[in-house]
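Engineer: This structure is in structure tokens; I'll ask about it shortly.
There are 2 protein chains.
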Amino acid sequence: MMTKKKVIQIGIVSELTGLTERQIRYYEDRKLIFPDRSKGGVRKYSFEDIQTIMDIHTKLTDGFHTVELRRMLAGS
Amino acid sequence: MMTKKKVIQIGIVSELTGLTERQIRYYEDRKLIFPDRSKGGVRKYSFEDIQTIMDIHTKLTDGFHTVELRRMLAGS
DNA sequence: CGTGTAAGGAATTCTGACACG
DNA sequence: CGTGTAAGGAATTCTGACACG
Numbered sequence: 001m002m003t004k005k006k007v008i009q010i011g012i013v014s015e016l017t018g019l020t021e022r023q024i025r026y027y028e029d030r031k032l033i034f035p036d037r038s039k040g041g042v043r044k045y046s047f048e049d050i051q052t053i054m055d056i057h058t059k060l061t062d063g064f065h066t067v068e069l070r071r072m073l074a075g076s
Numbered sequence: 001m002m003t004k005k006k007v008i009q010i011g012i013v014s015e016l017t018g019l020t021e022r023q024i025r026y027y028e029d030r031k032l033i034f035p036d037r038s039k040g041g042v043r044k045y046s047f048e049d050i051q052t053i054m055d056i057h058t059k060l061t062d063g064f065h066t067v068e069l070r071r072m073l074a075g076s
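Residue numbers (UniProt numbering), protein chains in the order written: chain A, 1 to 76; chain B, 1 to 76.
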């Protein structure tokens, strides 16, 4: 469904989540999110990705590390 | 709801609708769609806008003019 | 009228790196 | 480890205009 369509760029994801672009890109580096890319290389996120990003940040605030989150996300 | 969140840029709207950016901007010029703008002036569309844009193009193909479409859209 | 295009500038995003702790 | 930042380049978007019919 539509919530999985990756059509939102990082600037808006940053606004919607309140996180910095740096944080969002880092979560991808840690294999926690997988945005699409335009032909030019620009990242495209879905509303579902945005939800995941917010969950990730919450978990990090709770003290978890990205490696642990990767396992948690795998089992959902 | 989410379908009204204006978070999609014109390039993606163009891909999703198959229309050119020129056409999409023209529909705005004709007061048929009302995208938001980023601080820098970049247009942001919602999924609802995308649907409207496709409807507009269909109507234009059917022979209607933008002025008539403005009235039609007003009554919906 | 609705759309194509070339033009120049501005906003946005990208990567790799150094920094901190 | 997770995040901030300055750096330079590349991709994307913007506006106003000329063109066609």
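Idealized CB from N, CA, C, for every residue including glycine.
Residue 2 (chain B) versus chain A: which residues are under 9 Å apart at the beta carbon?
Structural biologist: The answer, in chain order, is 2, 3 and 47.
Engineer: Only counting the same chain, and skipping five residues up and downstream in sequence, which positions put a Cβ closer than 8 Å to that of residue 17 (chain B)?
Structural biologist: These residues qualify, in order along the chain: 24, 50, 53, 54 and 57.
Engineer: Can you look up residue 62 (chain A) in the DSSP assignment and give me helix, strand or coil?
Structural biologist: Residue 62 (chain A) falls in the coil class under three-state DSSP.
Engineer: Spatial neighbours of residue 70 (chain B) within its chain, please: C-beta separation below 8 Å, excluding the five flanking residues on both sides.
Structural biologist: Within the same chain, residue 70 (chain B) has close Cβ partners 30, 31 and 32.
Engineer: What whole-angstrom Cβ distance do residue 12 (chain A) and residue 13 (chain B) have, given they're in contact under 8 Å?
Structural biologist: Contact flag wrong, Cβ pair sits at about 14 Å.
Engineer: Among A:15, A:42 and A:47, which one has its Cα closest to the Cα of residue 3 (chain A)?
Structural biologist: Taking only the C-alpha atoms, the option nearest residue 3 (chain A) is A:47.
Engineer: With which residues is residue 45 (chain B) paired in a DSSP beta bridge?
Structural biologist: Bridge partners of residue 45 (chain B): B:8.
Engineer: What's the C-alpha gap between residue 40 (chain A) and residue 15 (chain B)?
Structural biologist: Between residue 40 (chain A) and residue 15 (chain B), the C-alpha separation is close to 14 Å.
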